[in-house]
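Below is one structure, written out as structure tokens; comments come after it.
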Amino acid sequence: MSYILLIIGFVLLIKGADIFVDGASEIAKKFKIPEIIVGLTIVSIGTSAPELAVSIISSLKGSNEITMGNIIGSNIFNTLMVLGITSIIMPIVIKKSSISKDFIITVIVAILLLVLTFGDLLWGGTSQISTLNGIVLLILCIGYLLLLLLDTKKSNSLVENIESEEPQEEIKILTCIIKILIGVAGVVSGGEMVVNAATNIATTFGMSQKLIGLTIIAVGTSLPELVTSIIAAIKGKNDIALGNVFGSNIFNMLLILGTAASINPIPVLPQLGIDLIFLIVVTLILGGFMFVGKNGKSKLSRKEGLILVLMYVVYIVYIVIRN
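In UniProt numbering, the protein residues as written are 1 to 323.
Structure below.
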């Protein structure tokens, strides 16, 4: 039965992502919003829904010890596996001007999170994300959304100045919204089915709950990002594929951790500091692949994608040995 549910889950994931990307792209055309902005907002928030739901429920139950590990694990998976696998299947065209700002914000937020979480250890305190720090993260999230809003307005002004007089295909907003909602429902429910089925299968093979949590659960909550980015890249929506990853990583750190910590402080194991530093390092390596020695448009090649995937495999081996 678990194998059947696993297959159904993957079908829901893939079809849901397909519908979701179509709806998001049509919204972009309808309101003249750059696809990178759509990827950073609608798509990234939609694909982060599993992490958000799990974190809020855990905090309300007072059992949010695993929240930080899940978020760091998801962000590492997004950075290495989502972009790695996507670029292996379909090399991702990168517009340096579109994504450079969000790449820098991702690195800054990760470093800030490291300081907020582990700074107290220098003074003999404990490693945690306090309620105050959670509120700070939420304020920064609002600031980031306002920044995206300003970028959207600037882009709209440019579009209006160069807009062609040729008649454009009419796009019905209600249809777009329905597509997005159906897509999100498919992605989230499919992801949950895959996680549950894979967990049952893994348990029958004798895997420990701790190992399952570090691997299957972390990967499972990031399946929406993976499938959505692959579908977007195949459809030629490279900005949505990239925006989905960077947007999800930013919202995971600001919105999800901020919300969870505001409800209940999040205790953090000191060893997670190593994982957070690893996240910062691999993000910088990704930036090197995308920007160093490249001007204007470039590609995240299959070779670079393979390197990212191999780095994730090494990381998984490390955490299995460590735990």
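Just so you know, even glycine gets a beta-carbon here, dropped at the ideal spot from N, CA and C.
Rounded to whole angstroms, what is the Cα-Cα separation between residue i and residue j?
i           : j           : result
residue 179 : residue 246 : 23 Å
residue 224 : residue 120 : 35 Å
residue 320 : residue 172 : 49 Å
residue 145 : residue 1   : 43 Å
residue 276 : residue 45  : 21 Å
residue 102 : residue 197 : 35 Å
residue 163 : residue 138 : In this predicted model, residue 163 has a pLDDT of only 46, less than 50, meaning its place in the structure is not dependable enough to derive any value.
residue 15  : residue 191 : 12 Å
residue 13  : residue 52  : 18 Å
residue 206 : residue 108 : 40 Å
residue 127 : residue 35  : 38 Å
residue 269 : residue 130 : 14 Å
residue 274 : residue 71  : 14 Å
residue 6   : residue 189 : 12 Å
residue 125 : residue 118 : 9 Å
residue 176 : residue 265 : 38 Å
residue 92  : residue 48  : 21 Å
residue 29  : residue 322 : 48 Å
residue 301 : residue 85  : 11 Å
residue 4   : residue 10  : 10 Å
Could you please give me the residues that DSSP links to residue i through a beta bridge?
i           : result
residue 267 : 128
residue 59  : DSSP output for residue 59 lists no bridge partner at all.
Apart from the five residues on each side of it in sequence, which residues of its chain come closer than 6 Å, Cβ to Cβ, to residue i?
i           : result
residue 42  : 24
residue 18  : 231
residue 152 : 33 and 37
residue 134 : 258, 261 and 262
residue 298 : 94
residue 73  : 218
residue 55  : 67, 256 and 260
residue 82  : 225, 226, 229 and 245
Kindly list the residues whose CB is nearer than 7 Å to the CB of residue i, restricted to its own chain and excluding five residues on each side of it in sequence; keep chain order.
i           : result
residue 303 : none
residue 165 : Note that residue 165 scores a pLDDT of 45, beneath 50, so its modelled location is shaky; the value from the coordinates is reported in the next line. Counting only Cβ-Cβ distances below 7 Å, and skipping sequence neighbours, we find nothing.
residue 220 : 191, 194, 195 and 198
residue 183 : 16, 17, 19, 20 and 23
residue 237 : 21, 25 and 35
What are the start and end residues of the alpha helix (DSSP H) that includes residue i?
i           : result
residue 45  : 44-47
residue 236 : Segment: none, residue 236 is in no alpha helix (DSSP H) and carries neither H nor E.
residue 25  : 2-30
residue 289 : 272-291
residue 221 : 218-221
residue 86  : 83-89
residue 119 : Run containing residue 119: none; DSSP gives neither H nor E here.
residue 70  : 67-77
residue 37  : 35-38
In terms of residues, what are the limits of the beta strand (DSSP E) holding residue i?
i           : result
residue 313 : Per DSSP, residue 313 belongs to no beta strand (DSSP E); it is in the alpha helix (DSSP H), 302-322.
Cutting at 8 Å between CB atoms, please list the residues of its own chain near residue i, excluding the five before and the five after it.
i           : result
residue 136 : 116 and 258
residue 186 : 12, 13, 15, 16, 17, 19 and 20
residue 280 : 107, 110, 111 and 114
Does the count of Cβ pairs from the segment 95-105 and the segment 285-292 closer than 8 Å reach three? yes
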